[in-house]
Every structure is written in C-alpha cells, then in structure tokens.
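Accompanying notes for the structure given below.
Residue numbers (the working numbering): 32 to 561.
Now the structure itself:
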C-alpha cells in the first residue's frame, strides 16, 4: 500500500515539475517541500456563476464541499440522473467537473483544487474508471492526503463489477452491483456523508438547513437525535405528499425500521417525523416514520390522528412484533400481514371472575385486501427480502425442552407439535416466510394461554396478537375517507413457549425487511394513487 502511495506521489511531483517548466503555477503540497523547484504563486480559480444551492461554498472553510465526485465520462448519465439528485435532496455540497471546473485551467489544477476543497472524494468505480489515467490520478491524489484512511478521504462506490487494485480493495465500499441492494446502499452513502458533515461542525445556510438530517449512527438509538430548530421543517409543508406513514412502538422495532428507511430530514407538527425518500422506476416515494411514546390503543389512536393532521399520508404502515398462535403455517421469526382484525379492548368483568368481551371484527381496506391475497404470487418481485443479509443476522436457536413450555396440557401439546414441525430434527432450515391472516388486538400484553384460548373462541382464525392495530384502525376510519393500513408483524413469541430473547430482535428485523421490500416494489402504487 505504502509503495503505491509513494509511486503516486512521485508521479504527482513529475506532473507538477512539467507544469512549472511550462510556466504554470502549481500549489505545493507538504510532500513537495524537499524538492528544489522554483515556486510561483498559485492562481485563484474564478468564482463559479450561479452554482446549484447544494453546491454553495463558504470561503472561510478549508473543506468547502462535502464531496468531490470522480467518475468516467461513460457513466456521466448515471451520475447526473441518479447520484447528484440524491446529493441535492440531502442538502450535500459537491464538486463535479462539468459544472465546477474552471474553464481554461489545466485539468490537473482543477482536480487538485477539487480534492483539496472537498471533505471526501467519491470515486465511481467501473472498468472504464480503472482504465483511465486521469481517474486513477484523482483517486491517488485523494488517497495520498490520507494514506492511513483515518479521515476516510477516499470513498469507493462500485457501480459496475471490476477488479480493484489493492489500495482500493482494502477500503469499505458502497456496492451497487446487486440491484436489490442499490437503494439501501445509496441511503447508506448519503447518511455517511451527512454524518461526516455534521461531525465537522459546519453550519449550513438557513435555506438548506431544513433538508439536512442529524444522524448519529447507522441505526439511531433514539427516535430523534440532538438538533437545532433550523433542522426541523414544518410538517404542514409535506401534508398530502407522504406516500407511507410508518408507525412503530418499541425502540427495537423503530431501530429496525430506521435501518431500512434512515431519515434524510425531520419534519415537526404535533409530532416529530423522520422523512425518507427512495426511488423506484423513475418515481420518488416519500416515507414518514414515527415512534409511539407508549403502547396500547389510546396512544396509537392519538398518534394516527396527529399524523393525519400533520402529513395526511396515503397509507399507514404499522411495523413491529406480535405473539403468535401455535400453527403449522408459520412460527418464530415469520411475518404475519393483517387482512382483518378482532378488537378485544372492550371487556366486562363478571361476578365470579368471568370476563365477557365486546369483540369487534373488521376487515382491512378492501383494495389492500385484494393485493394481499396475491402475496403468494409476488415471490418473484419480493425475492430476497428474507435472506440473512437483508435481515442482518441468522435465525436464533430454539430449545424444545419441556421446561420451556407453559399452559395446560392440551395447549402445550399444540405448541410442541408446531415447534417440532418447524424446528425439529427432521425439519429443514429455512428463511422466514410471510403469511396473511387475522390479528387480535387489545390493551394488554398476551402471555396467558387461557386468555388467548378465550379469544380464539370469538375469532378462530386469529394468527397473532398485539396491542396497537385497533387504535390505528379507529383513527384511520373517517366519515369521508378510510385510510389503508398495512399491518406487518414479525412473530417474536409463540404463546405457551419460553424462547431465546434474541427472537425479539430477529422478528423486528424480519418485519422491517419485508416492509422495505413491499414498499419499494411498486406493488402498492394504485392504492396510493401513483
């Protein structure tokens, strides 16, 4: 590695010496100080006329741009059509040759200034880029200013499969060669650049500040991190322009959602929302994410009403975990999508310890039901959502010992038979699957096998139990409109079985991974009017 950098420095020195011999002024880098070459003052580049807002440069900052984009001309259409619009929307300032290089200046001077004035150099790697001497020079120049990569000066983005030299291959890269991963990887790049800019302490012009997220980690530990009032946009400016309003309750549920839909900015009304945009087939979709303060129907209903008042999303998406009934069709880690619900929140305590339920059953939005009925036919479109790479870690273990079962003998036998089917010695290891069905909802956490058995007397088709869908459903039904609700629940428990705690995190991520695949597929376009 050091040998390559030394060779790069030698080549740079030769080029500078040639330019000086031809009376072209060149800035001296620290590595040039020991060379006995006449020095001339470096020219100032002319001010760029009317740059794009995202590229405005502050004269008192040594790194005045977030990133210099190095690419081969063969990939210019992708850079202009895909990459730069994403940088613009995130409020990132970039330097790109066709807009920012000074006309008439030597190319090497333009490149040197671009590298010096940018916090990072993003190299768009393709076989053409690697074959280009000019492109290689840009990468080597950036790398020579940070040979140990402590400052992450050089950021590789692999656009097309290519054999990478060692000096680049050892760096962590953004890999866009897998189409199913492209959206996530681009989000990852944007988030990294924004975090780098925020960590540098640079203040943005007021007109850009509202478009910049404050993100402190790849998966934020809190719904919203520290921010200034300028970094929050008014929710009213987005009202009616949000396609999907995602609601989660637990912190681990919300973290799983944020990993797939990291906030690119925040919006504030009655509540604070993370705003994320993604593209599919030339369409841009907007997602708002919200975490509830408390569990239960009341908080879910209030939050849904607030989101309607603030953003008026076209569809609500409830993402999180649920307890499952023992079944042959699904088990721990699988995903249940609600086609109907039964609300058990109204109950009456009768003398003698009996409880009566005012159970109310209802179907999901009719048009959404017709699409959910076709989920088995969408395996090709949604292929890959359930891989270990998409979920983030392998399935946890299951210990089918008698000590881990509870409930009466009949219920334990049901649970044991179900788990033997899915995790027994003769079963085959598999990725999580998705099924549709009815979800029971109430204002209590159901760990009691007898309670679940009672509920199943009213709703025999119940697949899972949770605590918020009823509240969201009540708020989403209006006199003049019924908002579609996509309820996606990862199965973290089978009622009647004590499982490894890691199943909770796994179920959070399986639900979020399926949600990401479905929303990004375009399958729901007609429902949201796209």
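We put the CB at the ideal spot given by N, CA and C, even for glycine. Treat the numbers as computed from the prediction; the structure is a model and nothing was measured.
- Approximately 47 Å separates the beta-carbon atoms of residue 199 and residue 355; this is outside 8 Å, ruling out the contact.
- Around the beta-carbon of residue 516, 16 or more other beta-carbon atoms lie within 10 Å, marking it buried.
- With distances taken between CA atoms, residue 400 lies nearest to 468 out of 544, 190 and 468.
- In terms of Cβ geometry, residue 269 and residue 313 do not form a close pair [threshold 7 Å].
- Separation of residue 340 and residue 518 (C-alpha to C-alpha, rounded to the nearest whole angstrom) is 21 Å.
- The way I'd put it, the stretch 480-493 doesn't touch the stretch 323-338; fewer than three beta-carbon pairs between them come closer than 8 Å.
- Secondary structure note for residue 371: its beta strand (DSSP E) is the uninterrupted segment 366-374.
- Take residue 159, set aside five residues on each side of it, and the residues of its chain with a beta-carbon closer than 6 Å to its own are 103 and 105, in chain order.
- In the three-state reduction of the DSSP assignment, residue 335 falls in the helix class.
- In the three-state reduction of the DSSP assignment, residue 273 falls in the coil class.
- When the five nearest sequence neighbours on each side are left out, the beta carbons in the same chain lying within less than 6 Å of the beta carbon of residue 472 are those of 372, 374, 497, 500 and 501, in order along the chain.
- Going by DSSP, residue 547 is part of the alpha helix (DSSP H) stretching over 533-552.
- One alpha carbon belongs to residue 228, the other to residue 405, and they sit about 44 Å apart.
- Here the alpha carbons of residue 224 and residue 123 stand approximately 8 Å from one another.
- When secondary structure is reduced to three states using DSSP, residue 268 falls in the helix class.
- Ranked by how close their Cα comes to the Cα of residue 331, the residues 494, 302, 140 and 521 have 302 in first place.
- Taking each of 282, 230 and 117 in turn and checking the Cα distance to residue 216, the smallest one comes out for 117.
- A Cβ-Cβ separation of about 7 Å places residue 319 in contact with residue 277 under the 8 Å criterion.
- Here DSSP, grouped into helix, strand and coil, assigns residue 285 to helix.
- Annotation: the continuous beta strand (DSSP E) that includes residue 97 extends over 96-101.
- Per DSSP, residue 307 lies in no alpha helix (DSSP H); the unbroken beta strand (DSSP E) holding it starts and ends at 303-311.
- Excluding the 5 residues flanking it on each side, residue 115 has same chain C-beta neighbours closer than 8 Å at 100, 125 and 127, in chain order.
- Excluding residues up to 5 positions away in sequence, 186, 187, 188, 189, 216, 217, 219 and 220 lie with their Cβ nearer than 8 Å to the Cβ of residue 205 in the same chain.
- Cβ-Cβ distances below 8 Å link residue 436 to 443, 446, 447, 527, 528 and 529 in the same chain, with the five nearest sequence neighbours on each side left out; the list follows chain order.
- Residue 194 counts as exposed, since fewer than 16 other beta carbons sit within 10 angstroms of its beta carbon.
- Non-local C-beta neighbours of residue 156 in its own chain, meaning closer than 8 Å and more than five positions away in sequence, comprise 187, 188, 189, 190, 191, 193, 195, 199 and 204, ordered along the chain.
- The criterion of a C-beta distance shorter than 7 Å is satisfied by residue 350 and residue 288.
- Between residue 363 and residue 548, the CB-CB gap reaches or exceeds 7 Å.
- DSSP places residue 182 outside both helix and strand once states are collapsed to three, so it counts as coil.
- A Cβ-Cβ contact shorter than 7 Å links residue 284 with residue 539.
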